[in-house]
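Worksheet: the structure to be examined is printed underneath.
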Amino acid sequence: MSNPAFEFVRQLGIELAAGEFDLPPFPDTAMRVQRCVSDPDSDINSLGIIIAGEPALAARLMRMANSAMMRRGPMEVTDINTAISRVGMDMVQNAAVSFAAREAFNFPAGSPFIDDLNKLRQHSVKVASLSYVLGKQSKFAGKPDEAMLAGLLHAVGKFYILTKAADHPELFSDREAIDTLIGQWHTGVARAIVESWNFPESIAIGVDEQELKERDRISSADVSDVLFIANILARAGVKVAGELSDLDALARLRMNSEQLAKVLEENEEEIQSMVEALTG
Numbered sequence: 001m002s003n004p005a006f007e008f009v010r011q012l013g014i015e016l017a018a019g020e021f022d023l024p025p026f027p028d029t030a031m032r033v034q035r036c037v038s039d040p041d042s043d044i045n046s047l048g049i050i051i052a053g054e055p056a057l058a059a060r061l062m063r064m065a066n067s068a069m070m071r072r073g074p075m076e077v078t079d080i081n082t083a084i085s086r087v088g089m090d091m092v093q094n095a096a097v098s099f100a101a102r103e104a105f106n107f108p109a110g111s112p113f114i115d116d117l118n119k120l121r122q123h124s125v126k127v128a129s130l131s132y133v134l135g136k137q138s139k140f141a142g143k144p145d146e147a148m149l150a151g152l153l154h155a156v157g158k159f160y161i162l163t164k165a166a167d168h169p170e171l172f173s174d175r176e177a178i179d180t181l182i183g184q185w186h187t188g189v190a191r192a193i194v195e196s197w198n199f200p201e202s203i204a205i206g207v208d209e210q211e212l213k214e215r216d217r218i219s220s221a222d223v224s225d226v227l228f229i230a231n232i233l234a235r236a237g238v239k240v241a242g243e244l245s246d247l248d249a250l251a252r253l254r255m256n257s258e259q260l261a262k263v264l265e266e267n268e269e270e271i272q273s274m275v276e277a278l279t280g
């Protein structure tokens, strides 16, 4: 590693350890959606006006509403308000978060890390889609929408570190240093970002503890359990489901490997449709 690259890694490691790093702002449109969803006096019309002002977000919401996972009958949704009514307010927030993640983390044109960014984006939407199904089909203590939200946010720490590294192209030749930095710090950074973006504490704790393998099997399943299993499936493929019987997280979800494999097989089309809806 060159001296400038070494100094960057060393300094960023110090900043992350001390919690002294610049948190990315939550994009304005997504923030307005978040506030509207949280406001008990808001309605579909007020939320629809916000979404209509951001064509990329509106397109994403329409894709979600017409996906196999959300579709109700043969009729295709063609307007924003009907799309909101079909998917629900919480799922609209998920669409906004998916949009916000693309807006908040981007790289300079020609960056050698572009492929890393695109792969991580694809992984995130896979984890989110799998998390929704796991949240719906298991004994997860929260709502499926919450599980999907956690999936969309689980990698923001990795996005942050990669964004910083993108300013130093020389680091691309030393992937071990970047991978070590990401592996050591991404969950803590993710928690800090999720908290700064004013998401529920359950999501913040979930992204922070998403890689903890040893868990109390008797306790209720939480966000981190869903993320742990969804991450494995997104990385290794759903065919490994039958090999996960010994995992504490799966036991907390009150599922065995055979049940997991069956759920994934029965929801394969829905999972893929949501991945496609969230991509782009």
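Residue 1 is where the sequence shown starts when you use the UniProt record's numbering, and the numbers rise one by one after that.
Glycine included, each C-beta is placed from N, C-alpha and C at the ideal position.
Given the structure is predicted, the values throughout are model-derived calculations rather than measurements.
Since I believe Met-70 is in contact with Val-92 (beta carbons under 8 Å), could you give me their beta-carbon distance rounded to a whole number of angstroms?
Going by Cβ atoms, the distance from Val-92 to Met-70 rounds to 11 Å, so no, they are not a contact pair.
So, at 7 Å on beta carbons, what are the nonlocal neighbours of residue 330 in its own chain, with the 5 sequence-adjacent residues on each side left out?
Residue 330 falls outside the range modelled here, since the chain spans only 1 to 280, and no answer is possible.
Could you give the distance in angstroms between the alpha-carbon of Met-89 and the alpha-carbon of Ala-234?
26 Å
Check each candidate in Ala-155, Leu-153, His-154 and Gly-135 and name the one with the smallest Cα separation from Ala-147.
Gly-135
So Lys-139 is in the alpha helix (DSSP H); what residue range does that whole segment cover?
Lys-139: not part of any alpha helix (DSSP H); DSSP gives it neither H nor E.
What's the call for Pro-108, buried or exposed, on a 16-neighbour Cβ count within 10 Å?
exposed
Within 10 angstroms of its Cβ, does Thr-187 collect 16 or more other Cβ (buried), or is it exposed?
Around the CB of Thr-187, 16 or more other CB atoms lie within 10 Å, so the residue is classed as buried.
Gly-110: buried (16+ other C-beta within 10 angstroms of its C-beta) or exposed?
exposed
According to DSSP, simplified to helix, strand and coil, what is Ala-65?
helix
Pick helix, strand or coil for Ala-241, following the three-state DSSP scheme.
DSSP places Ala-241 in helix when its eight states are reduced to three.
With three or more beta-carbon pairs closer than 8 Å as the criterion, would you say the region 126-135 touches the region 143-159?
yes
In terms of residues, what are the limits of the alpha helix (DSSP H) holding Glu-211?
Per DSSP, Glu-211 belongs to no alpha helix (DSSP H) and is neither H nor E.
Rounded to whole angstroms, what is the Cα-Cα separation between His-168 and His-123?
24 Å
Work out the CA separation of Lys-139 and Arg-254 for me, nearest whole Å.
In a straight line, the C-alpha of Arg-254 is about 6 Å away from that of Lys-139.
Please determine, among Val-125, Val-33 and Arg-63, the residue with the shortest C-alpha to C-alpha distance to Ile-49.
Val-33
Ala-249 bridges to which residues according to DSSP?
Bridge partners of Ala-249: none, in fact.
Rounded to whole angstroms, what's the CA-CA distance from Ala-190 to Glu-266? Just pull it up for me.
Going by the C-alpha atoms only, they are around 32 Å apart.
Helix, strand or coil for Ala-221? Go by DSSP, reduced to three states.
Of the three classes helix, strand and coil, the one that applies to Ala-221 here is strand, per DSSP.
Is it the case that the CB of Met-255 approaches a heavy atom of the ligand PLP more closely than 7 Å?
What this structure holds is no ligand at all, so the ligand PLP is not there to describe.
Helix or strand or just coil, what does DSSP make of Gly-48?
helix
Could you tell me the distance, in whole angstroms, from the CA atom of Pro-27 to the CA atom of Ala-204?
18 Å
Rounded to a whole number of angstroms, what is the C-alpha to C-alpha distance between Asp-246 and Asp-43?
45 Å
So, under 8 Å CB-CB, Ser-257 and Glu-243 are touching, yes? Tell me the CB distance rounded to an integer number of Å.
Indeed they touch by this definition, with Cβ atoms about 7 Å apart.
By a C-beta neighbour count over all protein chains shown, 10 Å radius and 16 as the cutoff for buried, is residue 288 buried or exposed?
Residue coverage of the chain in this structure runs from 1 to 280, which leaves residue 288 outside it and unanswerable.
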